[in-house]
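For reference, the structure discussed in these notes is given below.
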Amino acid sequence: MNFSKREIRDIVIAWAVLSVILSRFKPSLLPVSIIAVGTAFVCHELAHKFLAQRYNLFAEFRVWKEGLLLAVAIAVLSMGNFIFAAPGAVYIYGFHISSEQNGKISLAGPGLNLVVCAISLSLDRFMPGTTIFPFLAMINGYLGFFNLLPLPPLDGSKIIAWRKDIYMITVISSFIAIMLIELFVI
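Here the sequence shown stands for residues 1 to 186, numbered as in my numbering.
Following this line, the structure appears as structure tokens:
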């Protein structure tokens, strides 16, 4: 996987800003938030990048400065009670990207979030009392669910354009994950 200096800088900036926001500006939650944002957001974006590069496509994360500023403003104004996170995206370019390739690349991020959410929920059942596993489950579950909305430019719009059946299976799985989080974590 190839990274430019700009891409590394953009990932680090987005990771840091989201980590602070998701910690609800509480220093005691920052270490857990850094780990959770790393697995949820960073790994989500890298899953897109990795699969796109496997298809010999150019893929690079770019921060959306306005989205980061909006996220900070909303978090501050709501005192951390409402989170809006649209820090950027992996931009993919190639001579020809098929609907199948685009769908699979788009599925990689939310799919990874669902897997991490399921593992985190399971580990939380076996090791109750930790802060990390519930936080990992929540961040990954909600990020995956949000990205499955069928609205451009979100992943869901590209998955549904490729295969409606895969989209429905993924959305139902994501919805079940959210219900489990609501029942057992929150």
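For glycine and all other residues, C-beta sits at the position ideal for the given N, C-alpha and C. Note that the structure is a prediction, hence the values are computed from the model and not measured.
Please report the straight-line C-alpha distance between residue i and residue j, rounded to a whole angstrom.
i	j	result
A118	I176	10 Å
R24	F133	17 Å
L149	L51	21 Å
I145	G109	The residue you asked about is not Ile; residue 145 is Phe in the sequence shown. Roughly 11 Å between the two C-alpha positions.
R54	V90	14 Å
I166	V32	32 Å
F84	S98	31 Å
E100	G129	42 Å
L180	K104	26 Å
S78	L70	12 Å
E182	M127	18 Å
I8	S106	21 Å
G80	K158	31 Å
Y93	A73	32 Å
F58	N2	10 Å
Can you say whether residue i is buried or exposed, counting buried as having 16 or more other CB atoms within 10 angstroms of its CB?
i	result
V12	exposed
G141	buried
M138	buried
I21	buried
G156	buried
N113	buried
N102	buried
V76	exposed
H96	exposed
N147	buried
F135	buried
Bridge partners for residue i per DSSP, in chain order?
i	result
R62	A89
Whole alpha helix (DSSP H) runs in the region 105–158 with 4 or more residues, listed along the chain?
132–147
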